[in-house]
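Notes for the one structure printed next.
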Amino acid sequence: MTTWIEDVGSYLQTNSIGTVGADIFYNGFDKKSSNCIALLVAPGLPEKITLGRTVVLSRPELDIRVRNVDDSTAETKAKAIQTLLSQVRMQTIGSTRFKSIIPLQDYYFLEQDENDRFIYVINFKTEING
Numbered sequence: 130m131t132t133w134i135e136d137v138g139s140y141l142q143t144n145s146i147g148t149v150g151a152d153i154f155y156n157g158f159d160k161k162s163s164n165c166i167a168l169l170v171a172p173g174l175p176e177k178i179t180l181g182r183t184v185v186l187s188r189p190e191l192d193i194r195v196r197n198v199d200d201s202t203a204e205t206k207a208k209a210i211q212t213l214l215s216q217v218r219m220q221t222i223g224s225t226r227f228k229s230i231i232p233l234q235d236y237y238f239l240e241q242d243e244n245d246r247f248i249y250v251i252n253f254k255t256e257i258n259g
């Protein structure tokens, strides 16, 4: 069974953002890759019961980090991810039915790491039909 985070990774791949296992990774950056994307699950709000107590929405947060040796490339990729995912409304991606994926703020520059790679971050709140 694929998890919702894996469905998001596959969706990014389908939309030419990157390739799962090559430059899209789960739970942190790949240590060997300078140019990559990390998808992380963060705790979100408690579950929400809607529609007369018939639908339960889980509401985890999705944190995405983009790392690249070129600042402009990292920023462009972060912007593309934010634009793509912020359009998700009442959409099934893989085996997951998303009510929404909403940015908590615009993507932003986090830091330049010890290897002079630029890291940008995008944080989203999600609502998933459970």
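Note that the sequence shown ends on residue 259 in the numbering used here; no numbers are left out.
Where a beta carbon is used, it is the ideal one built from N, C-alpha and C, also for glycine.
Problem set entry | N- and C-terminal bounds of the alpha helix (DSSP H) containing Gln-142 | 133 to 143
Exercise. Got a sec? Which residues, its chain only, sit under 8 Å from Phe-158 by beta carbon, not counting five neighbours each side?
Worked result: Cys-165, Ala-167, Arg-194 and Arg-196
Exercise. Mapping DSSP to helix, strand and coil, what is Leu-233?
Worked result: coil
For this session: Mind reading off the beta-carbon distance from Ile-251 to Gln-211? Whole number of angstroms is fine, and I expect it under 8 Å.
Result: 5 Å
Exercise. Alpha helix (DSSP H) containing Glu-190: first to last residue?
Worked result: Here Glu-190 belongs to no alpha helix (DSSP H); instead the beta strand (DSSP E) covers 184 to 197.
For this session: Keeping to the same chain, check which residues put their C-beta closer than 7 Å to that of Asn-258; ignore five residues upstream and five downstream.
Result: Val-184, Leu-186, Arg-226 and Lys-228
For this session: Look up Gln-216 in the DSSP assignment and say whether it is helix, strand or coil.
Result: coil
For this session: Answer yes or no: do Thr-255 and Glu-190 have a C-beta to C-beta separation smaller than 8 Å?
Result: yes
Exercise. Where do the ends of the beta strand (DSSP E) carrying Thr-177 lie?
Worked result: Residue identity check: residue 177 is Lys in the sequence provided, not Thr. It spans 165 to 179 - the beta strand (DSSP E) in which Lys-177 sits, taken as one unbroken run.
Exercise. What do you get for Val-137, buried or exposed, if any count of 16 or more other CB atoms within 10 angstroms of its CB means buried?
Worked result: buried
For this session: Measuring alpha carbon to alpha carbon, tell me which of Ile-230, Thr-202, Leu-174 and Gln-241 ends up nearest Ile-134.
Result: Ile-230
Problem set entry | Inter-residue spacing [alpha-carbon to alpha-carbon] between Ala-151 and Asn-244 | 19 Å
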